[in-house]
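The structure appears right after this line, and notes come after that.
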Amino acid sequence: AAERAGAARDRVAAMVEALGDNRVAVEQMIAGVQASVEENARSRGQINALEQVARRIDKIVDAITTVSIQTNMLAVNGAIEAARAGEFGKGFMVVSTDIRNLARDSAENAERIKDLVKAVQDQIVAVRRDLEEIAAAAAGELEKNKALTSNLAAMASEMAAILEGNAEIATSAEEILVSLDEVRKGVEQVSAAAAEAEHAAGQAAQAAREQAKGAEELAAAVEEIASLADELQNSGG
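Residues 1 to 237 (UniProt numbering) are what the sequence shown spells out, left to right.
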């Protein structure tokens, strides 16, 4: 029984140690997830900053497009006025044409830039959505791991209490065994004393019988002496 109790205590102690190791591992996992969540938050902040930059670029492109349109209109008006001027407006006509070409190129480039910015913005939105989903999943795992850590801690505490209780039971059992051994020794001593008393009582009874027999013999002798004394007295008279 003692060996089984010791083996049980060893198993419980091993379980407590394993629970402690698992709790440490989960706590390390929580730290990693927490770091990932924080890094995710920083990434989302950077994405938001990039989105704001893209919006500013989009506004600048809109302004360039507006200026290009206005420049093109001015160039058209200049070409009309140059045509009206005839021979004197030929030089201005060439300049107006160049300005119109530049304005058109600027508008086309601005439109391409706007398309690129739109693609970047769409990508930013997709990345931010993915980051938010990852953050939500990480937060959920973080809470689960925290709950798991709490459960492991509670289990370890209960196991430790069981181990302590078993130790107390084992100690009490040992004390009981010691007490029983003392009782056994006391019973043996009492039994020996009773045997000795019985033996002594037997000897005393034998001595009493012998004394009674001696007393009877003494009484008979006294009676015999008394009888002889009477006979002597009668003879003398």
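Glycine residues also receive a C-beta, built at the ideal position from the N, C-alpha and C atoms.
Relative to the C-alpha of ASN101, which candidate in SER68, ILE124, VAL127, GLY89 has its C-alpha closest? SER68
Taking a contact to mean a Cβ-Cβ separation below 8 angstroms, would you say ILE47 touches VAL127 in this structure? One thing to note: ILE47 has its Cβ within 8 angstroms of the Cβ of VAL127.
By Cβ distance, which residues of its chain are closer than 8 angstroms to ILE57, with the 5 residues on each side in sequence left out? ILE113, VAL117
Mind the definition here: the segment 77-90 touches the segment 118-138 only if three or more C-beta pairs lie below 8 angstroms; say whether that holds. no
8 angstroms contact criterion, which ILE124 and GLU39 should meet: CB distance rounded: About 18 angstroms separates the two Cβ atoms, so there is no contact after all.
Take LEU131 and list the residues in its own chain whose beta-carbon comes closer than 7 angstroms to its own, dropping the five residues that flank it on each side. Answer for LEU131: ASN40, SER43, ARG44, ILE47, listed in chain order.
Might you give, ordered along the chain, the residues of its own chain that have their beta carbon closer than 6 angstroms to the beta carbon of residue 251, omitting 5 neighbours on each side? Any property of residue 251 remains undetermined from this structure, which presents the chain solely from 1 to 237.
According to the neighbour-count rule (16 or more other Cβ atoms, all chains shown, within 10 Å of its Cβ), is SER150 buried or exposed? exposed
Just checking my contact of LEU142 with GLN34 at CB under 8 angstroms: how many whole Å lie between their CB atoms? 6 angstroms
Alpha carbon to alpha carbon, what distance is there between ALA135 and GLN70? 47 angstroms
According to the Cβ coordinates, are SER36 and ALA137 closer than 8 angstroms? The answer is no: Cβ separation not under 8 angstroms.
Within 8 angstroms, strictly: CB atoms of GLY78 and SER96: yes
Note down the Cα distance separating GLU216 from SER227, rounded to an integer number of angstroms. 16 angstroms
Cβ atoms of ALA31 and THR65: under 8 angstroms apart, would you say? no
Does the beta-carbon of ALA75 have 16 or more other beta-carbons within 10 angstroms, so that it is buried, or is it exposed? Classification for ALA75: buried.
Would you report the Cα separation of VAL94 and ASP62, rounded to the nearest angstrom? 28 angstroms
Leaving out five residues before and five after ARG55 in sequence, what residues of the same chain have Cβ atoms less than 8 angstroms from its Cβ? GLN121
Which value, in whole angstroms, describes the spacing of the CA atoms of ALA154 and GLU182? 42 angstroms
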